[in-house]
């Protein structure tokens, strides 16, 4: 057996010391990749990684290697951030993911990771947290669809008023998605009556506004219910209904004048007056 071993190339000998010496003189990328990915000896693996020049070969070691030590070292030698992003997408392993992020500073690549549903949720959150520039963060927000990730990005917005507005927009988007799912199962005419029964719900008021915007018989009925909500005892619900009607251009002019002068809630009076001034009402 020993004599048979001597017939093998030195990088395939059983003695790890011989393989270590051999790998230092190797330049064949395919052999080096194989050793880095599969050799049972730690030092041989790491020496092989050091000798690899091609980033594509390093990528294959990091993706397919049997041993984490060589995979991490290969990932840390990759300089192309898009190769690192591809590696994270294809091999979702926490230690490897962190090694990849060490080499990613390109904001375009971070934006792509944050927006990519094929990436793990953890990777997408880390990409969001690496945005220090507020303008870039806001630009990235436009391309992130997942509600949880959008919320994580919004929390990093420094301007409190803008953060509040973005949070409100997120809630509106989530409500619209839920409404679309309901409408897939029930007729709009049924849904509008059910929403009308939830007289104490701001979410129901916003959903009625969405239905009204879509028109049809259900839209007409939604406007009728929103007008009725202008008489609600709660000021916040009157305000929400008024905003929806103003957005639709369907706020009743006669009620607006009365609300602008006599509503007990100053927010409602102000909104009614602004709607009148904008001419955003039914005549």
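In our numbering, the protein residues as written are 995 to 1277.
Every residue, glycine too, gets a C-beta built ideally from N, C-alpha and C.
Because the structure is a prediction, the values reported are computed rather than measured.
inquiry  = When you compare the CB positions of residue 1040 and residue 1067, do they come within less than 8 angstroms of one another, or not?
reply    = Between residue 1040 and residue 1067, the C-beta gap is smaller than 8 angstroms, which places the two residues in contact.
ask   = Residue range of the alpha helix (DSSP H) that residue 1110 falls in?
value = In this chain, residue 1110 is not harboured by any alpha helix (DSSP H), its DSSP state being neither H nor E.
task = Drop a sphere of 10 angstroms on the beta-carbon of residue 1065, count the other beta-carbons inside from all chains shown, and report buried for 16 or more, exposed for fewer.
result = Its Cβ being crowded by 16 or more others within 10 Å, residue 1065 is buried.
key: Inter-residue spacing [alpha-carbon to alpha-carbon] between residue 1121 and residue 1245   = Rounded to the nearest angstrom, the gap between the Cα atoms of residue 1121 and residue 1245 is 44 angstroms.
inquiry  = Judging by CA-CA distance, which residue of 1109, 1112, 1080 and 1242 is the nearest neighbour of residue 1097?
reply    = It is 1080.
inquiry  = Suppose contacts are defined by Cβ-Cβ distances below 8 angstroms. Is residue 1206 in contact with residue 1242 by that definition?
reply    = Yes; because the gap between Cβ atoms is below 8 angstroms, this pair is in contact.
task = With a 10 Å radius around its C-beta and 16 neighbouring C-beta atoms as the bar for buried, classify residue 1192 as buried or exposed.
result = Classification of residue 1192: exposed, given that the 10 Å Cβ count is below 16.
ask   = Are the Cβ atoms of residue 1056 and residue 1069 separated by less than 8 angstroms?
value = Judged by beta-carbon spacing, residue 1069 lies within the 8 angstroms limit of residue 1056, meaning their Cβ atoms are closer than that value.
request  = Tell me whether the beta-carbon of residue 1199 lies closer than 8 angstroms to the beta-carbon of residue 1220.
outcome  = Yes. Within cutoff.
query = Does the distance from the CB of residue 1224 to the CB of residue 1261 come in under 8 angstroms?
reply = Contact flag unset, no.
task = Determine the closest residue to residue 1228 out of 1194, 1240 and 1022, with distance taken between C-alpha atoms.
result = The shortest C-alpha to C-alpha distance from residue 1228 to any of 1194, 1240 and 1022 is the one to 1194.
message = Quick check on residue 995: buried or exposed, where buried means 16 or more other Cβ atoms within 10 Å of its Cβ?
response = Only weak support is given to the placement of residue 995: the predicted model assigns it a pLDDT of 49, under 50, and the question is left unresolved by the model.
query = Under the rule that 16 or more other beta-carbon atoms within 10 Å means buried, what is residue 1031, buried or exposed?
reply = Result: buried.
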